[in-house]
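Novice: Per the numbering used here, the very first residue in the sequence shown carries number 5; after that it's consecutive.
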Amino acid sequence: MLEVVCMSDSGKMEIKAILELSPNEELYKLIDFLNKNLKQKDLVFGLAQKDGHMVVTIYET
5 MLEVVCMSDS
15 GKMEIKAILE
25 LSPNEELYKL
35 IDFLNKNLKQ
45 KDLVFGLAQK
55 DGHMVVTIYE
65 T
């Protein structure tokens, strides 16, 4: 499923991929690392918890 999420008045973020994983306490460290190092490539990584799983979402700005 592809959807557009409003980022601000100046642009939008498009979902490129979604992955559900088993819970891992250190997954947020990976997401933080990816966001810091791939920001210049117009990629943003999100992390959420849903129904006992961790959900990683990749956005393109």
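Cβ coordinates follow ideal geometry from the N, Cα and C atoms, glycine included.
1. The beta strand (DSSP E) spanning residue 54 covers which residue range?
2. Who are the near neighbours of residue 31 in its chain, counting only those whose CB is closer than 8 Å to its CB and skipping five residues on each side?
3. Out of 18, 16 and 64, point me to the one whose CA is closest to residue 44's CA.
4. DSSP three-state label for residue 23, please.
5. Could you say which of 38, 41, 29 and 16 lies nearest to residue 53 if we only look at CA atoms?
Specialist: With the structure as the only source:
1. Counting along the chain, the beta strand (DSSP E) containing residue 54 begins and ends at 47-54.
2. In the same chain as residue 31, and ignoring 5 residues on each side of it, the C-beta atoms closer than 8 Å to its own belong to 25, 51, 58 and 60, in chain order.
3. Among 18, 16 and 64, the Cα nearest to that of residue 44 belongs to 64.
4. For residue 23, the secondary structure class from DSSP, reduced to helix, strand or coil, is strand.
5. The shortest Cα separation from residue 53 among 38, 41, 29 and 16 belongs to 29.
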